[in-house]
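Colleague:
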Amino acid sequence: MSLITIILKMCEGLGKTCAIFFLTLLFSLPLGMVISLLRMSKNKIISKITQFAVSVLRGTPLMLQLLAVTYGPYYLFGVSVSRNKLIPVVIAFAINYAAYFSEIYRGGIESISVGQYEAATILGYSKAQTFIRIILPQVVRRILPSVTNEIVTLVKDTSIAFTVSYQEMFTIGKQIANSQTSFTPFLVAGVFYYIFNALVGFVMGIVEKSMSYYKQ
Amino acid sequence: MNVLKMTDIKKSFGGNEVLKGISFHVDKGEVVSIIGTSGGGKSTLLRCATLLETIDDGTISYMGEDVTYYDQNGKLCYAKDLNHFKKFFGLVFQNFNLFPHFSVLKNVMDAPVTVQGRDKAEVKEECMKLLNKMGLGDKADAYPFELSGGQQQRVSIVRALAMKPDILFFDEPTSALDPELTGEVLKVIKALADEKMTMVIVTHEMAFAKAVSDRVVFIDGGIIAEEGAPEEVFGNTKNERTKQFLQSYND
Amino acid sequence: MKKLIAILLAAIMVLSFAACGEKTKADVKLKIINEELGAEEYGIAFRNGDDEVCKYIDAAVQELVKTGKYKEIADKYPDIIDNLLFLNGESKAEFDTAVDVSKAEKRTFTMGIDPEYPPFSYIGDDGEYTGFDVEVCKAACDILGWDFAVFGVNWDQKLVQLDAKECDCVWSGMTILDSMKENGYVISAPYYYNTQVLVVKEDGSIASSKDLKDKVVAVQLGTSGETLLNEDLSDLKDTFKELVTCDSFLKCFTELEGGAVDAVFVDYPVAKSYVSK
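Protein chains in written order, with the working numbering: chain P, 266 to 481; chain C, 60 to 310; chain F, 176 to 452.
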């Protein structure tokens, strides 16, 4: 098989890799915020349950969660397995990454000094206004490096989707490698991931720069 | 009329009674300095007055309107709409607590616009006037980290003033500043006093308190140990604790 | 922007290097030692209750054998042709002659394959799924008038995916295990006779399984070879210095060629196809 064929074939999967990547970010970034707010809830029960859920999501392999989300409903309730694999894949990825993001958010939110809240309270900002106008922008600035880290990991984690036969780029690469007894597809995959992450780094660099107009 | 009236305020933190029944009031146009030993309760009193802490017992009212009341079971309650009362006062923090991600102008303009819903152009004009008055006109577009401590504190005073409060509280406004920067902040407060701004200042600057205040309150051990005109308190105090306290400052 | 261009250039360099690298790989000669270990048969697995489907497929395959189409396909895969039971006359399977392939109801038949298992099922030079099993299934579907589809299973999860109706059968050089029948899967007539063989370096000192004492052996994860070594052949395994499990046979062979292991324990057709390359 020619190198061009290998690259073209793997590019077919690249679209799916991108789909996992962007949809996971789209859902997990806000979901992580919800989880972190639940985690910091004054209600002890809600907070404890959330803490437990996050510890399960962070403490078990994503591959296992992916299997559970994809095949669990079928085995437990006889619900037929989704024909479109992107759905369970994105659900599992989004929940898993939301758990990680929630802890990053929590760290960021808790690092904001009490004085900021007090200043906002005195000035009469509502709780929501305080959070959105005063706290969140500062949190985003602080957590950006950690979030970038997670995003870079996500790019590489997309390959885990092979577990449920979702034909993303790495799955196809692996299949070609074994079909053609050649390591070339793995090299191609490495180059693809590297370029992908170089782009991620480039974009996140711009975002970080746009926020560095002030110091804490 | 009392701008602020607090009666019989009690406040404990985990069994440690910090305020043991303090009654305190401020009249319109009055400048009151609160002095006292660290941990004596003066900052707590200020935090109770500005609703950052809830009191255990007593009453608070602003402009004759009650912030706290007792229900039919005799339980102490706070009024539902606390934002209504927050309009009456402003607070200048020891650590400024400016919003680091807002420019100077945005720091002072944001609350009047978002919280009070006032016209943006009008607020901007007013705020620029205030900044100019404080000698910060050229810093409007700067960010807090680009300013000195004294400048930051002056911005935070403008931020409080922009809300048009009836009374302004200062919580040790110069304690976090380098000695050479305290002067510029005290000058600003003095100027406000001359304009008859109603103010309560918790401070360690005795000379300043003496110069600027209409009344000085000495808090010690959770009670008001002495209060009166500055000449009385600083000049010929009869109270032993006050004497000791002032002595330690003169040393 | 400069940085991006630099990265792209670097990527192109790596890729062209990769393309050349194919030819520069050290040319290690390998040989197969076949001691007929772990004789077993390949078959097709269907879901519990799908006996009807199984009968139609069996009948269609027999039809292919009769018309010579089966032989035609098999000729393209010289590495496995000797062991095809329907061609070498060793098949003992009996078929339900009452099944009429022309009466099959129209449907879509999704074949579950391991796309990483040449020559039975793999990605061909044109990038499409192909292989002996794939071609036979396609031809069988033509006879039955069924629409043919392929689903690439994750081999570790193949039966889960079959249960979950992701595919209608697993047909991919799969060894029939007793446990499959015990668990209710419907199994077709066996079509391929397989043994586990050893692949070693041609110029090495290993001539039989007896020489494996204190050697490092590699086996592919989840294959019947691995099961065999852990069960029936555990005595043999105990003589090894170490048993290494790789998640693909390609990695097993690379370990062998690279000198990390001394022998690979693998299915005969896989060994034949790899060694003849």
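We put the beta carbon where it would ideally sit given N, CA and C, even for glycine.
Here the structure is a predicted model, which means the values were calculated and not measured.
Is the Cβ of Ala393/P closer than 8 Å to any Cβ of chain C?
Modeller: Walking along the first sequence from the start, residue 393/P turns up at place 128. By this cut-off, Ala393/P is not an interface position.
Colleague: For a quick check, are the C-beta atoms of Ile311/P and Leu322/P less than 8 Å apart?
Modeller: Translated into the one-based positions of the first sequence, residue 311/P becomes position 46. Translated into the one-based positions of the first sequence, residue 322/P becomes position 57. No, the pair does not count as a contact, with Cβ atoms beyond the cut-off.
Colleague: Tell me whether Arg371/P is buried or exposed, calling it buried when 16 or more other Cβ atoms sit within 10 Å of its Cβ.
Modeller: Position 106 of the first sequence, counted from the first residue, corresponds to residue 371/P. When all chains shown are included, Arg371/P counts as buried.
Colleague: Can you pull the chain P residues whose beta carbon is under 9 Å from the beta carbon of Ile298/F, in chain order?
Modeller: Here residue 298/F refers to the residue found at position 123 when the third sequence is read from its first residue. Result: Met266, Lys274, Ile437, Gln440, Ile441, Asn443, Ser444, Gln445.
Colleague: Below 8 Å, how does it come out for the segment 306–323 of chain F and the segment 284–292 of chain F: are there three or more Cβ pairs, yes or no?
Modeller: yes
Colleague: Straight-line CA distance for Asp279/C to Arg300/C?
Modeller: Translated into the one-based positions of the second sequence, residue 279/C becomes position 220. Translated into the one-based positions of the second sequence, residue 300/C becomes position 241. Whole-angstrom Cα-Cα distance: 8 Å.
Colleague: With DSSP run on the structure shown, which of helix, strand or coil describes Ile352/P?
Modeller: Locating residue 352/P in the first sequence gives position 87, counting from the first residue. Three-state DSSP puts Ile352/P in a helix.
Colleague: Could you give the DSSP three-state label for Ile180/F: helix, strand or coil?
Modeller: In the third sequence, the residue the question calls residue 180/F occupies position 5. Looking at Ile180/F - three-state DSSP - the assignment turns out to be helix.
Colleague: Among Ala249/F, Lys385/F, Asp254/F, which one has its Cα closest to the Cα of Ala446/F?
Modeller: Walking along the third sequence from the start, residue 446/F turns up at place 271. Answer by Cα proximity: Asp254/F.
Colleague: Could I get the ranges of all uninterrupted alpha helix (DSSP H) runs contained in the segment 234–283 of chain F, with 4 residues as the minimum, in chain order?
Modeller: 244–250, 260–263
Colleague: Which of helix, strand or coil does DSSP assign to Asn156/C?
Modeller: Your numbering for residue 156/C matches position 97 in the second sequence. Coil at Asn156/C, not helix or strand.
Colleague: Between the segment 136–149 of chain C and the segment 177–189 of chain C, can you find at least three pairs of beta-carbon atoms closer than 8 Å?
Modeller: Below 8 Å, too few C-beta pairs join the segment 177–189 of chain C and the segment 136–149 of chain C to call them touching: fewer than three.
Colleague: Who are Leu212/F's beta bridge partners in DSSP?
Modeller: Along the third sequence, one-based indexing puts residue 212/F at 37. For Leu212/F, which the question treats as bridged, DSSP gives the partners Gln371/F.
Colleague: Tell me which residues share the same chain as Thr118/C and place their Cβ nearer than 6 Å to its Cβ, disregarding the 5 neighbours each side in the sequence.
Modeller: Locating residue 118/C in the second sequence gives position 59, where the first residue counts as 1. Taken in chain order, the residues that qualify are Thr66, Thr127.
Colleague: In whole angstroms, give me the CA-to-CA distance for Val151/C and Phe457/P.
Modeller: For the purposes of this step, residue 151/C is taken as the residue at position 92 of the second sequence. For the purposes of this step, residue 457/P is taken as the residue at position 192 of the first sequence. Cα to Cα, Val151/C sits roughly 55 Å from Phe457/P.
Colleague: Output yes if chain C places a C-beta closer than 8 Å to the C-beta of Glu375/P; else output no.
Modeller: Mapped onto the first sequence, residue 375/P falls at position 110. Judged by the 8 Å Cβ criterion, Glu375/P is not in contact with chain C.
Colleague: With 8 Å as the threshold, decide whether the Cβ of Ile387/P is near any Cβ in chain C.
Modeller: On the first sequence, residue 387/P is found 122 positions in, with the first residue counted as 1. It does; some Cβ of chain C falls within 8 Å.
Colleague: Check distances from the C-beta atoms of the segment 451–479 of chain P to those of chain F and list, in chain order, the residues that come in under 8 Å.
Modeller: For the segment 451–479 of chain P, which is checked against every Cβ of chain F, the residues closer than 8 Å are Leu452, Val453, Gly455, Val456, Tyr459, Ile460, Ala463, Leu464, Phe467.
Colleague: Listing by chain order, which chain C residues have their CB less than 7 Å from the CB of Pro402/P?
Modeller: Translated into the one-based positions of the first sequence, residue 402/P becomes position 137. Within 7 Å Cβ-Cβ: His160.
Colleague: Starting from the beta carbon of Val259/C, find every residue of chain P whose beta carbon is closer than 7 Å, and list them in chain order.
Modeller: For the purposes of this step, residue 259/C is taken as the residue at position 200 of the second sequence. Per Cβ cutoff of 7 Å: no residues; Val259/C is ~14 Å from chain P at best.
Colleague: Would a C-beta distance cut-off of 8 Å place Ile443/F and Asn209/F closer than the cut-off?
Modeller: Position 268 of the third sequence, counting from 1, holds the residue named residue 443/F. Position 34 of the third sequence, counting from 1, holds the residue named residue 209/F. Correcting the residue type first, residue 443/F is Tyr in the shown sequence and not Ile. Their beta carbons are under 8 Å apart, which means Tyr443/F touches Asn209/F by this criterion.
Colleague: Return the residue from the list Gly299/F, Phe415/F, Phe307/F, Asp317/F that minimises the CA-CA distance to Ala235/F.
Modeller: The residue labelled residue 235/F in the question sits at position 60 within the third sequence. If we check each option's Cα against that of Ala235/F, Asp317/F comes out closest.
Colleague: Taking a cut of 7 Å between CB atoms, which residues from the segment 102–118 of chain C lie near chain P?
Modeller: Thr109, Leu111
Colleague: Roughly how many whole angstroms lie between the Cα atoms of Ser411/P and Ile369/P?
Modeller: Taking the first sequence and counting its residues from 1, one reaches residue 411/P at position 146. Taking the first sequence and counting its residues from 1, one reaches residue 369/P at position 104. Cα-Cα distance, rounded: 7 Å.
Colleague: Taking just the CA atoms, how far does Phe155/C sit from Gly380/P?
Modeller: Start at 1 with the first residue of the first sequence, and residue 380/P comes out as number 115. Start at 1 with the first residue of the second sequence, and residue 155/C comes out as number 96. One C-alpha to the other measures close to 8 Å.
Colleague: Would Gln432/P pass as an interface residue toward chain F - the criterion being a Cβ-Cβ separation below 8 Å?
Modeller: Reading the first sequence from its first residue, position 167 is the one you call residue 432/P. With 8 Å as the cut-off, Gln432/P counts as an interface residue toward chain F.
Colleague: Taking 7 Å as the line, does the beta carbon of Val450/F fall inside it for any heavy atom of the ligand NAD?
Modeller: The model on display carries no ligand, and the ligand NAD is accordingly not part of it.
Colleague: Look at Thr296/C and Glu264/C and say whether their C-beta atoms are less than 8 Å apart.
Modeller: The count along the second sequence starts at 1 and reaches residue 296/C at position 237. The count along the second sequence starts at 1 and reaches residue 264/C at position 205. No, these two residues do not count as a Cβ contact at 8 Å.
Colleague: Can you list the residues of chain C that Ile399/P reaches, using a CB-CB cut of under 7 Å?
Modeller: Counting from one through the first sequence, the residue named residue 399/P turns up at place 134. Simply Phe158.
Colleague: Helix, strand or coil: which one does DSSP assign to Lys302/C?
Modeller: On the second sequence, position 243 is the one that residue 302/C refers to. It is helical.
Colleague: Along chain P, which residues have their Cβ under 7 Å away from the Cβ of Leu150/C?
Modeller: Indexing the second sequence from 1 puts residue 150/C at position 91. Under the 7 Å cutoff, chain P gives Ile387.
Colleague: Do you know offhand how far Lys281/F's Cα is from Gly320/F's?
Modeller: As a first step, residue 281/F must be located in the third sequence, where it is residue number 106. As a first step, residue 320/F must be located in the third sequence, where it is residue number 145. Cα to Cα, the separation comes out at about 6 Å.
Colleague: Have a look at Ser376/P and Gly433/F and give me their C-alpha separation to the nearest angstrom.
Modeller: In the first sequence, the residue the question calls residue 376/P occupies position 111. In the third sequence, the residue the question calls residue 433/F occupies position 258. Taking the straight line from one Cα to the other gives about 51 Å.
Colleague: Using the three-state DSSP reduction, which class does Met355/F fall into: helix, strand or coil?
Modeller: Taking the third sequence and counting its residues from 1, the one referred to as residue 355/F is at position 180. Met355/F falls in the helix class under three-state DSSP.
Colleague: Beta-carbon of Gly380/P versus every beta-carbon of chain C: anything under 8 Å?
Modeller: By 1-based counting over the first sequence, the position of residue 380/P is 115. Yes, Gly380/P lies at the interface with chain C (some Cβ there is under 8 Å from its Cβ).
Colleague: Output yes or no for whether 8 Å exceeds the beta carbon distance between Ser430/P and Gln336/F.
Modeller: Here residue 430/P refers to the residue found at position 165 of the first sequence. Here residue 336/F refers to the residue found at position 161 of the third sequence. Their beta carbons are under 8 Å apart, which means Ser430/P touches Gln336/F by this criterion.
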